[in-house]
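Structure, as structure tokens:
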Amino acid sequence: MEGSRWPRVIEGPDGVLTLETAEGVTEHVLRDLAREAVPPPFSVRALRPLPPVPPGERAITVDQTNHSVVAGETVVVKWFPRPSRAPHPAPGLLAHLAGFARTATPYAAVYWEDALVALVTAYLPEARDGWEWCVDEAEAGRTGFAAEVGALAAELHLAMATPSAVFPRPRTAVAARRRGGVADPRRGCAA
Numbered sequence: 329m330e331g332s333r334w335p336r337v338i339e340g341p342d343g344v345l346t347l348e349t350a351e352g353v354t355e356h357v358l359r360d361l362a363r364e365a366v367p368p369p370f371s372v373r374a375l376r377p378l379p380p381v382p383p384g385e386r387a388i389t390v391d392q393t394n395h396s397v398v399a400g401e402t403v404v405v406k407w408f409p410r411p412s413r414a415p416h417p418a419p420g421l422l423a424h425l426a427g428f429a430r431t432a433t434p435y436a437a438v439y440w441e442d443a444l445v446a447l448v449t450a451y452l453p454e455a456r457d458g459w460e461w462c463v464d465e466a467e468a469g470r471t472g473f474a475a476e477v478g479a480l481a482a483e484l485h486l487a488m489a490t491p492s493a494v495f496p497r498p499r500t501a502v503a504a505r506r507r508g509g510v511a512d513p514r515r516g517c518a519a
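Pasting the structure below:
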């Protein structure tokens with residue numbers, strides 16, 4: 329991996345994929361994304377134009393399944409250490425919610441062959457881990473935030489149920505997913 333400018337994906341004999349990144353890889357990948365210089369077998373689904381990203385990167389060290397890196401205090405790259413070739417709902421859902429302003433702006437989904445390996449979103453510098461924040465507030469006896477969280481959840485659900493170019497019939501897609509289908513953003517419904 330030393331000297332590699334993009335992550336390395338290893339496919340085991342059982343077909344399981346493992347993603348390896350190193351320090352500096354995130355910064356380099358973002359520079360390449362900005363120049364639209366993506367080496368095969370990687371590809372990118374752009375969701376919005378990537379903003380200028382100053383140099384520097386640091387890992388987010390809270391316990392999480394994925395490996396998130398803040399780059400230039402501007403964007404977060406969420407690397408998936410165990411990418412899967414199965415369809416992933418996140419890129420389609422992020423594209424569907426492109427006009428929803430109350431979450432971090434999504435910029436891109438990065439693939440290795442057909443496996444999603446990373447999501448690139450805006451970094452929210454004043455944000456805290458939502459679970460920790462909620463627990464801290466509740467333990468301190470401050471519960472006034474619950475109405476705001478409820479309103480945000482309602483707005484998000486309304487946005488998810490609103491037709492878009494990606495999902496013209498979003499409720500049909502959700503119902504099919506519940507039945508075990510996969511939301512197909514090309515058809516706006518389940519595959």
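Numbering (my numbering), first residue to last: 329 to 519. Glycine is no exception: its CB is placed at the ideal position from the N, C-alpha and C atoms.
Beta-bridge pairing of residue i - partner residues as DSSP gives them
i	result
W407	H395, A446
T433	Beta-bridge pairing links T433 to no other residue.
Y439	S371, L444
A387	V397
Under the three-state DSSP convention, the category residue i falls into
i	result
V381	coil
T354	helix
A374	strand
V477	helix
A519	Note on A519: pLDDT 43, under 50, position unreliable in the model; no value is reported.
A482	helix
L361	helix
P498	helix
Span of the beta strand (DSSP E), counted from its first residue to its last, around residue i
i	result
W459	Element bounds for W459: not the beta strand (DSSP E) but the alpha helix (DSSP H), 458-467.
L347	345-348
R336	336-339
First and last residue of the uninterrupted alpha helix (DSSP H) at residue i
i	result
R470	Segment: none, R470 is in no alpha helix (DSSP H) and carries neither H nor E.
A423	417-424
Chain-order list of residues whose beta-carbon lies under 6 Å from that of residue i (same chain, five-residue window excluded)
i	result
H416	L444
P382	G400
I338	T346
Residues near residue i in its chain [Cβ-Cβ closer than 7 Å; skip 5 each side]
i	result
R480	Sequence check: residue 480 is Leu here, not Arg. Only R430 meet the Cβ criterion.
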